[in-house]
Every structure is written in structure tokens, then in C-alpha cells.
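Engineer:
Numbering (the working numbering), first residue to last: 2 to 188.
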């Protein structure tokens with residue numbers, strides 16, 4: 002597991018947050034209309050989550066099984082042209098600072114050697130934003146730094162989408178936290 006803060010990513014790797022809404026429209030614009038079957042599948046994910054959560058924390062592995070895996074299936078990431086890798090090792094280095102960060106990506110969705118989606122999951126015990134520095138670290142290691150990298154943070158209860166570009170300097174933006182507990186927010 003990699004332990005690094007947003008402040009350290011900013012200091013050692015030049016990472017910056019942008020709040021410009023034009024930087025990350027993908028999380029809100031041109032979204033597909035869900036079919037009734039997809040809505041029922043999302044309702045089932047919610048139902049399973051609430052049934053298992055019931056006032057106790059869900060461990061990260063349970064979050065992956067009960068929430069993340071069905072969402073990956075609904076998104077079509079288990080079918081061609083996509084491939085899934087789990088626990089992929091990464092290493093980023095800030096040469097001039099002597100900083101090396103290593104870690105393992107929970108789930109990496111790839112399409113023809115292009116990183117499509119970096120996923121970091123946490124237990125329901127943790128705030129979903131605790132996964133942000135870790136996910137950004139992994140996203141910085143994308144071998145295709147000329148392409149935007151997208152991330153997904155999940156703790157079972159909440160979800161956050163992230164976008165990172167590295168053209169001139171590393172810039173990222175994120176969605177607000179979407180919640181299982183808000184009506185129709187997953188649709």
C-alpha cells in the first residue's frame with residue numbers, strides 16, 4: 002500500500018487540482034440513459050449493500066465483491082475490448098527530490114494497452130476521499146502520460162470519479178461524492 006498525502010504529491014510531483022468545470026465534463030455530460038434492466042441491477046447493488054452494511058463496517062474485499070464488481074459488469078468492463086488487472090504494481094519517482102513511491106492498484110481497466118480506469122477501494126470505515134492520494138499516485142504512473150487517465154474511488158457507500166492529465170504539468174479534478182444513500186444518485 003502506498004502512503005502519500007496530496008501535499009506530498011503537490012510538492013514532489015507538481016500535481017495540482019483544477020476546479021475548472023471544463024476540465025472534467027465527462028462525469029456529468031453525455032451520459033447514457035439507463036435501461037430498466039440496468040436500473041434494477043443498480044437497485045440490487047444498493048439492496049445488497051444495505052443488507053450487508055446494516056450498521057457494521059464492510060471490509061475492502063467485501064466492498065469489491067458486493068459493490069464494485071457488479072458496477073464493473075454493468076459498465077461492460079468484463080467484455081472486449083476491455084481487460085482487467087488487479088493488484089498491478091506501480092512505482093513513481095521524483096528524480097530531483099529522491100522520492101520513490103510504490104504501490105498496488107486495486108483494479109486497472111485496460112483497453113489495448115491504454116489505461117482506461119484506475120480503481121481504488123476502501124472499507125466503509127474510511128471516508129472515500131482517503132483513497133484520493135493513493136489513486137492519483139497510481140494514475141501518475143500511467144505509461145501513456147499523453148492521454149487522460151480516469152479514476153474511481155469507492156468505499157461501498159460513496160463513489161468519486163477522478164480525471165488526471167499530465168501534458169504540461171499534472172492536473173486533476175474530481176466529482177463530488179455520489180452516495181448509495183441518496184435516492185436515484187446512481188442512475
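Cβ coordinates follow ideal geometry from the N, Cα and C atoms, glycine included.
Residue 52 by DSSP, collapsed to three states: which one?
Structural biologist: Here residue 52 sits in helix by DSSP.
Engineer: What would DSSP say about residue 58, mapped onto helix, strand or coil?
Structural biologist: Reduced to three states, the DSSP call for residue 58 is coil.
Engineer: Determine the DSSP secondary structure at residue 121, reduced to helix, strand or coil.
Structural biologist: DSSP places residue 121 in strand when its eight states are reduced to three.
Engineer: Short of 6 angstroms in beta carbon distance, which residues of its chain neighbour residue 132, apart from the five on each side in sequence? Order them along the chain.
Structural biologist: Within the same chain, residue 132 has close Cβ partners 121, 123 and 154.
Engineer: Just the C-alpha distance for residue 2 and residue 116, rounded to the nearest angstrom, thanks.
Structural biologist: Only weak support is given to the placement of residue 2: the predicted model assigns it a pLDDT of 48, under 50, and the value that follows is read from those uncertain coordinates. Rounded to whole angstroms, residue 2 to residue 116 spans 20 angstroms at the Cα level.
Engineer: Per the DSSP calculation, residue 173 is bridged to which residue(s)?
Structural biologist: Paired residues: 18 and 165.
Engineer: So is the beta-carbon of residue 150 under 8 angstroms away from any non-hydrogen atom of the ligand HEM?
Structural biologist: Questions concerning the ligand HEM fall outside what the structure shown contains, since it holds no ligand whatsoever.
Engineer: By how many angstroms is the C-alpha of residue 88 removed from the C-alpha of residue 55?
Structural biologist: Taking the straight line from one Cα to the other gives about 29 angstroms.
Engineer: Quick one: using the 10 Å Cβ neighbour count with 16 as the cut-off for buried, is residue 134 buried or exposed?
Structural biologist: Buried is the call here.
Engineer: With DSSP as the reference, identify every bridge partner of residue 86, one or two as the case may be.
Structural biologist: Answer is 109.
Engineer: Around the C-beta of residue 114, are 16 or more other C-beta atoms found within 10 angstroms, so that it is buried, or is it exposed?
Structural biologist: Exposed: under 16 other Cβ atoms inside 10 Å.
Engineer: Quick check on this structure: which residue in 156, 48, 125 and 160 has the alpha carbon closest to the alpha carbon of residue 58?
Structural biologist: Of 156, 48, 125 and 160, the residue nearest in Cα terms is 125.
Engineer: In whole angstroms, give me the CA-to-CA distance for residue 80 and residue 18.
Structural biologist: Using only the alpha carbons, I get a separation of about 33 angstroms.
Engineer: Over the uninterrupted alpha helix (DSSP H) stretch that includes residue 69, give me the two end residues.
Structural biologist: It is not in any alpha helix (DSSP H) - residue 69 carries neither H nor E in the DSSP assignment.
Engineer: Could you say if the region 34-51 and the region 66-79 meet the contact criterion of at least three C-beta pairs nearer than 8 angstroms?
Structural biologist: Cβ pair count under 8 angstroms is three or more, so yes.
Engineer: Once DSSP output is grouped into helix, strand and coil, what is the label at residue 103?
Structural biologist: Three-state result, residue 103: strand.
Engineer: For the beta strand (DSSP E) holding residue 138, just list the boundary residues, first then last.
Structural biologist: First-last for residue 138: 133-141, but that is the alpha helix (DSSP H), not the beta strand (DSSP E).
Engineer: DSSP three-state call for residue 73: helix, strand or coil?
Structural biologist: Residue 73: helix per DSSP, three-state reduction.
Engineer: Can you tell me whether DSSP reads residue 95 as helix, strand or coil?
Structural biologist: The answer is strand: DSSP assigns residue 95 an E or B state.
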